[in-house]
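Here the sequence shown is numbered in my numbering, starting from -1 and rising by one per residue.
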Amino acid sequence: MLDWFRRLKPAPPDLPEDLWRAARERVRLLDDRSPDALGRLRSVTARFLAERRIIGVQGLELDDVQRAVIAAQAALPIANLPFEWLGHWHDVVVYPGEFRVRRTHQDSDTQVVTEWDDDLAGEAWEHGPIILSWADIARDLEEPFDGFNVVIHEIAHKIDMAGGASDGMPPIRDREARRRWRVVMQAAFDELNRLLDDDQETPIDPYAAEAPDEFFATVSEYYFSAPDVLAAALPEVHAEFARFYRGGA
Ligand SMILES: [Zn+2]
-1 MLDWFRRLKP APPDLPEDLW RAARERVRLL DDRSPDALGR LRSVTARFLA ERRIIGVQGL
59 ELDDVQRAVI AAQAALPIAN LPFEWLGHWH DVVVYPGEFR VRRTHQDSDT QVVTEWDDDL
119 AGEAWEHGPI ILSWADIARD LEEPFDGFNV VIHEIAHKID MAGGASDGMP PIRDREARRR
179 WRVVMQAAFD ELNRLLDDDQ ETPIDPYAAE APDEFFATVS EYYFSAPDVL AAALPEVHAE
239 FARFYRGGA
């Protein structure tokens, strides 16, 4: 009986030792982690590489190390959460540099359609691919502890969407924890916007004040790449993120 079950369950994918070592050398965010945590990150990285296709476009040719480097950063936010929370999508599309997207917006009152172009370092489509700029990934690798990380930002959007809408409310099962999350995040979001309205400096990237989903994605970047900055600037927010990303909510 046990054998039968074992045969049904596919063997977990593994990452070749040299590839994992190469990724670890380049992704400094993996420094100073316990053997336990590294083991988990390695298997999540392997699973990400096995289940997602990471493709270069516009002439960008990615090698296995570059793919592993992207996957290892993607593994950080999801490492202690159900992998399924990444959602059903397949592709990570990587441009050489920032890419231009055309936006349209129709005003619900006037029906006027506005169009504009955005230059982006990353984007995550609902039920669709993640799009990244290699130039921005390379910059994150060079300056890993500055609060910016485009891969983590886009993966955070996917985790947010696993809770339903893209609204800064990730899937937190416990009711009380969900309530607390809402209160703490709303207060921090409002305070950021107040500072911006008063032309004052914000303690974290003001992009977090754009919308609740950008708040979640931007704060996730800090949580993994500059946790001390986040803990000093927004201690209550840091505590909630720590609980969530450690898998305890
Ligand atoms: Zn975003």
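Each residue gets a CB set at the ideal place from its N, CA and C atoms; glycine is no exception. Note that the coordinates shown come from a computational prediction; the quantities given were computed from them, not determined experimentally.
(request) Just the C-alpha distance for M(-1) and V227, rounded to the nearest angstrom, thanks. (result) As a working mapping, residue -1 is identified with position 1 in the sequence shown. As a working mapping, residue 227 is identified with position 229 in the sequence shown. With a pLDDT of 49 at M(-1), under the threshold of 50, the modelled position of this residue cannot be trusted; read the value that follows with caution. One C-alpha to the other measures close to 52 Å.
(message) Measuring only from the beta carbon, is A215 closer than 7 Å to any heavy atom that is part of ligand 1?
(response) Counted from its first residue, the sequence shown places residue 215 at position 217. Closer than 7 Å to some heavy atom of ligand 1: that describes the Cβ of A215.
(request) Use the C-beta contact count for W114: other C-beta atoms within 10 angstroms, 16 or more gives buried, fewer gives exposed. (result) Within the sequence shown, residue 114 is the residue found at index 116, counting from 1. When all chains shown are included, W114 counts as exposed.
(message) If contacts are defined as beta-carbon pairs under 8 Å, then R38 and H88 qualify, I think. What distance do you get, rounded to the angstrom?
(response) Indexing the sequence shown from 1 puts residue 38 at position 40. Indexing the sequence shown from 1 puts residue 88 at position 90. About 23 Å separates the two Cβ atoms, so there is no contact after all.
(message) Can you determine whether any heavy atom of ligand 2 sits closer than 7 Å to the C-beta of H125, and answer yes or no?
(response) In the structure on display, ligand 2 does not appear, and the ligands it does have are ligand 1.
(message) When you compare the region 165 to 177 with the region 190 to 199, are there three or more beta-carbon pairs, one atom per stretch, that lie closer than 8 Å?
(response) These segments do not touch.
(message) According to DSSP, is A122 part of a helix, a strand, or is it coil?
(response) The sequence position of residue 122 within the sequence shown is 124, counting from 1. Strand.
(request) Inspect the CB distances between the region 157 to 168 and the region 79 to 86 and report whether three or more fall short of 8 Å. (result) By the C-beta criterion, the region 157 to 168 is judged to be in contact with the region 79 to 86, since at least 3 inter-stretch pairs fall below 8 Å.
(message) Tell me which residues share the same chain as R100 and place their Cβ nearer than 7 Å to its Cβ, disregarding the 5 neighbours each side in the sequence.
(response) Within the sequence shown, the letter at position 102 stands for residue 100. Only E113, D115 meet the Cβ criterion.
(request) With DSSP as the reference, label R98 as helix, strand or coil. (result) For the purposes of this step, residue 98 is identified with residue 100 of the sequence shown, where counting begins at 1. Under the three-state reduction of DSSP output, R98 falls in the strand class.
(message) So, with DSSP's three-state summary, where would you put V111?
(response) Here residue 111 corresponds to residue number 113 of the sequence shown, with the count starting at 1. Secondary structure of V111 (DSSP, three-state): strand.
(message) Between L139 and V235, how many whole angstroms is the CB-CB distance? I'm expecting something under 8 Å.
(response) Here residue 139 refers to the residue found at position 141 of the sequence shown. Here residue 235 refers to the residue found at position 237 of the sequence shown. No, L139 and V235 are not in contact; Cβ-Cβ is about 26 Å, not under 8 Å.
(message) On the DSSP letters alone, give me the boundaries of the alpha helix (DSSP H) that Y221 sits inside.
(response) What you label residue 221 is simply residue 223 of the sequence shown in a count that begins at 1. The continuous alpha helix (DSSP H) containing Y221 extends over residues 210 to 223.
(request) Give the straight-line distance between the Cα atoms of F222 and F46, rounded to the nearest whole angstrom. (result) Indexing the sequence shown from 1 puts residue 222 at position 224. Indexing the sequence shown from 1 puts residue 46 at position 48. If you take the alpha carbons of F222 and F46, they lie about 18 Å apart.
(message) To the nearest angstrom, how far is the alpha carbon of R31 from that of Q104?
(response) Here residue 31 refers to the residue found at position 33 when the sequence shown is read from its first residue. Here residue 104 refers to the residue found at position 106 when the sequence shown is read from its first residue. Those two C-alpha atoms are separated by around 47 Å.
(request) Can you check the region 117 to 172 for any beta strand (DSSP E) of at least 3 residues that lies completely inside it and give the ranges in chain order? (result) The region 117 to 172 contains these whole beta strand (DSSP E) runs: 120 to 122, 128 to 131.
(request) State yes or no: is the C-beta of E59 nearer than 7 Å to some heavy atom of ligand 1? (result) Along the sequence shown, one-based indexing puts residue 59 at 61. Outside the cutoff, so no.
(message) From the DSSP secondary-structure annotation, give me the bridge partner or partners of V90.
(response) In the sequence shown, the residue the question calls residue 90 occupies position 92. V90 is bridged by DSSP to I52, I128.
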